[in-house]
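Report on one structure; see the data block that follows.
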Amino acid sequence: MQPYYRPIPSTDPARPSGALPLAGGWTWFDRVEVLRRGEKTEIRPVSDLPDAVSNALTRPRDPLAGLTLDRPRLMGILNVTPDSFSDGGQYAAPEAAIARVAEMQGNGADLIDIGGESTRPGAAEVPVAEEIARTAPVIEALCGAPNPPLISLDTRKSAVAEAGIAAGAGILNDVSALRFDPDLAQVAAKAGVPLILMHSLATPETMQAEAGTAYDDVVLDVYDGLAAAVAQAEAAGVPRSNIVVDPGIGFGKTQAQNLALIQRLSLFHALGCAVLLGVSRKGFIGAIGHEPQADRRGPGSAGIGLWALSQGVQILRVHDISLHKQAIDLWRASAAGE
């Protein structure tokens, strides 16, 4: 049975000799949890790791479009849609988008993720021309602003990606991990831009209807799905060093499945890619934190975010930049003495 190796990360100041750096970052590990389907897990020392696995787990991640990953990074969310679950309709006009992005940058955002198609549960697909009309003018306006941000374009569609890159986007973020439009990988390869691959099995329109039914072992199934997507992107010409993986919390997954993935987040470092987590204001945070109002879920989102950083996750995709920045600054000072 195929083994999967999950590093058990720590930021404890008492680092033992022989401990390895996780992805060249701020956590270390001296043990791994070995997972196999249908079997009990084992805890093994890092000395037992195969060389290829050790290299994937320890190798420093390359910068993304010039953004180094030697410290936690915050991706600010800008939805230029009328129907996103948290901020739909607020930033569709370029002037409003520029003001909002300047605010997020001032609060500590390292890059901005712009989406023109809602991925909330039940959201319908947006035609290509309409999605381009929503996103490209905003990207172009932001790139012409006095302090232009690094922009990630959240799209499943290759034509939208091409228009976004032409307008100035520097990263592509595909919530379907190439299932919706495989040609998006060629667009990323041709432009030489990083590609974020998020795990999901269904479309936003149908994903929650299928939640809980599609997995034998959600952690290993998501890992295998992302591994296949990474291989597909590499075959299209995107180097692994330019790929980021995202386990897709909340996308066609139950609360129990979301928590199982969050508990074992560090497994995804074994793919040899940077890891992004997007949980900001999602429904399971409201359910566990007893907060029905999406824009009041910032503290719960930050709580999960700090756990993710302790697992070596390099990028957090969030709405509440200032709240997360303060939490991270205090976490770094406590965990790493920075």
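First residue of the sequence shown? That's 645 in this note's numbering, and the numbers climb one at a time after it. All residues carry an ideal CB built from backbone N, CA and C; glycine is no exception.
Helix or strand or just coil, what does DSSP make of residue 719?
Correct three-state label for residue 719: strand.
What is the rounded straight-line gap between the Cα of residue 933 and the Cα of residue 881?
Taking the straight line from one Cα to the other gives about 43 Å.
Rounding to the nearest angstrom, what Cα-Cα distance links residue 708 and residue 816 in this structure?
The straight-line gap from Cα to Cα measures roughly 11 Å.
Locate the beta strand (DSSP E) running through residue 680, then write down its first and last residues.
Unbroken run through residue 680: none, as it is neither H nor E.
By the three-class DSSP mapping on this structure, what secondary structure does residue 670 have?
Here residue 670 sits in coil by DSSP.
Specify the secondary structure class of residue 798 as computed by DSSP and reduced to three states.
Residue 798 falls in the strand class under three-state DSSP.
How big is the Cα-Cα spacing for residue 843 and residue 866?
If I take the Cα positions, the gap works out to 7 Å.
Jot down the residue ranges of each uninterrupted beta strand (DSSP E) in the stretch 783-837, minimum 3 residues, whole runs only, in chain order.
Entirely contained in the stretch 783-837, the beta strand (DSSP E) runs reaching 3 residues are, in chain order, 795-798, 815-818.
Taking only the alpha-carbon atoms, compute the straight-line gap between residue 744 and residue 722 and give it to the nearest angstrom.
Taking the straight line joining both Cα atoms gives about 8 Å.
Restricting to Cα atoms, I'd like to know which of 660, 646, 665, 820 is closest to residue 913.
It is 665 whose Cα lies nearest to the Cα of residue 913.
Tell me, please, which residues DSSP counts as bridged to residue 959.
Per DSSP, 717, 920.
Thinking just about the alpha-carbon of each residue, which of 648, 752, 662 is nearest to the one in residue 679?
Selected option, being the one with the closest Cα: 648.
Under 7 Å, do residue 760 and residue 784 count as touching if we go by C-beta distance?
Not closer than 7 Å, so no.
Note the first and the last residue of the continuous beta strand (DSSP E) segment covering residue 890.
First-last of the beta strand (DSSP E) with residue 890: 887-890.
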